[in-house]
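Scroll down for the structure; my scribbles are underneath it.
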Ligand SMILES: C[S@@+](CC[C@H](N)C(=O)[O-])C[C@H]1O[C@@H](n2cnc3c(N)ncnc32)[C@H](O)[C@@H]1O
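Residue numbers (this note's numbering): 1236 to 1436.
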């Protein structure tokens, strides 16, 4: 039998710091919509450690959806829903959900800018006032890289796809403001990453 589970090694390194950073900002209960769940490993770990939340994973990519389903079958957690096919860049096509929080880990630098625009448009529409949209990943601050390793990563991303690249946090916050989010809480994370929490105004 083919094992459809994908493994992203970084998830093992960042999942515990991510859980610690997110926990104070997430509601204790309710529905969390995860955008771009990838392999599904974060969904399993975070859902297991945040049992009051119902986890709704999603991704645009069919192989990611198969991987999420395969990890879910092994973990057999009661609080994860089957993954949804969801393109962040097409917010009009998002399912009609009323999440209490939205989480998007490591997508906005590995997707064209319209995916970020769509993410905030969709999240701005679905989230009620006060609810969080949490992002994780590398960012520039005021147009500058915060570490040589991020600059090298950015160059590598752009070589793979000129529409990808490490985003400027201020540009992302500007998009967020246009879609009704407050200025973010920014949490420094290991390996020059940030957790960024926007709240719907
Ligand atoms: C680097 S992986 C991150 C996966 C996972 N969040 C993690 O941190 O391990 C980027 C993911 O973004 C997804 N993705 C890229 N563009 C997307 C879009 N427009 N809408 C939804 N998912 C997208 C890809 O399919 C991929 O699973």
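Backbone N, C-alpha and C fix where the C-beta goes; we use that ideal spot for every residue, glycine too.
Quick caveat: nothing in here was measured; it's all calculated off a predicted structure.
Who pairs with residue i in a beta bridge, going by DSSP?
i            : result
residue 1307 : Answer is none; residue 1307 lacks a bridge partner.
residue 1367 : 1434
residue 1293 : 1319
residue 1241 : BP columns for residue 1241 are empty, so no partner.
residue 1336 : 1267
residue 1343 : Paired residue(s): none; residue 1343 is not in a bridge.
residue 1421 : 1431
residue 1379 : 1376
Given the structure, does residue i come close to ligand 1, in the sense that its CB is under 7 angstroms from one of the ligand's heavy atoms?
i            : result
residue 1310 : no
residue 1400 : no
residue 1424 : no
residue 1273 : yes
residue 1357 : no
residue 1314 : no
residue 1307 : no
residue 1248 : no
residue 1299 : yes
residue 1380 : no
residue 1360 : no
residue 1321 : yes
residue 1393 : no
residue 1242 : no
residue 1383 : no
residue 1328 : no
residue 1377 : no
residue 1396 : no
residue 1346 : yes
residue 1337 : no
residue 1350 : yes
residue 1414 : no
Alpha helix (DSSP H) containing residue i: first to last residue?
i            : result
residue 1348 : 1348-1361
residue 1279 : 1276-1284
residue 1392 : 1383-1395
Check residue i in the structure and name its three-state DSSP category.
i            : result
residue 1232 : A question about residue 1232 goes unanswered here, because the residues of the chain that appear run from 1236 up to 1436.
residue 1372 : strand
residue 1401 : coil
residue 1288 : strand
Looking at the unbroken beta strand (DSSP E) that takes in residue i, where does it start and where does it end?
i            : result
residue 1269 : 1265-1270
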